[in-house]
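Comments concern the structure below.
Residue numbers (the numbering used here): 52 to 210.
Now the structure itself:
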């Protein structure tokens, strides 16, 4: 009887230690994937999922991207291209250019775009945003001339 009890206890300890190692391995894999994703930064494809409106640098309203449009951004090592599907006009909006970013600032310098965007680009080529990035999401936040947050576009990684 004592031997059965000892065997059951040892079996329980063994199973528990295997489970803990499996959970630890799973956590390690997830953490490694997050580190690799952040290291790769913006490279990849992203979809606009929603917006935040700010007042006094605090989110006062948030809403999802509605089904009337769909916006995708694609980043290579040095280039950015985005397109927005409008059901009313399938060739508006898009833009193409280069970009840089660090931990807090995303700068896009557009070279050309759709008809409407080319008019915008004639007036302003460089777009600077406050930038917050996570493993599979980022926010580009529009800042006013006093450094206050106005609104953000919130993206999720799709590839």
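The C-beta atom is built at its ideal place from N, Cα and C for all residues, glycine as well.
Would you grab the beta carbon distance between residue i and residue j for me? Rounded to a whole angstrom, and I think it's under 8 Å.
{"i": "residue 94", "j": "residue 127", "result": "6 Å"}
{"i": "residue 206", "j": "residue 100", "result": "7 Å"}
From the DSSP output, in three-state form, read off residue i for me.
{"i": "residue 198", "result": "coil"}
{"i": "residue 210", "result": "coil"}
Within a Cβ cutoff of 6 Å, which residues of the same chain sit near residue i, ignoring the five residues on either side of it in sequence?
{"i": "residue 178", "result": "159"}
{"i": "residue 157", "result": "180, 182, 191"}
{"i": "residue 132", "result": "125, 147"}
{"i": "residue 188", "result": "207"}
Please state whether the Cβ-Cβ distance between residue i and residue j is less than 7 Å.
{"i": "residue 193", "j": "residue 184", "result": "no"}
{"i": "residue 209", "j": "residue 115", "result": "no"}
{"i": "residue 165", "j": "residue 196", "result": "no"}
{"i": "residue 108", "j": "residue 169", "result": "no"}
{"i": "residue 123", "j": "residue 134", "result": "yes"}
{"i": "residue 229", "j": "residue 103", "result": "One cannot answer for residue 229 here, as it falls past the ends of the chain, which runs 52 to 210."}
Cutting at 7 Å between CB atoms, please list the residues of its own chain near residue i, excluding the five before and the five after it.
{"i": "residue 136", "result": "120, 121"}
{"i": "residue 151", "result": "158"}
With a CB to CB cut of under 8 Å and the five nearest residues on each side skipped, what residues in its chain are close to residue i?
{"i": "residue 149", "result": "129, 130, 131, 159, 160, 162"}
{"i": "residue 172", "result": "146, 161, 162, 163, 164"}
{"i": "residue 110", "result": "103, 104"}
Query - 3 or more residues per run - each beta strand (DSSP E) lying fully within the region 86-138 - result: 95-106, 109-115, 120-126, 130-137
Query raised in the report: Fully enclosed by the region 137-195, which alpha helix (DSSP H) runs are 4 residues long or longer?
Result: 166-174
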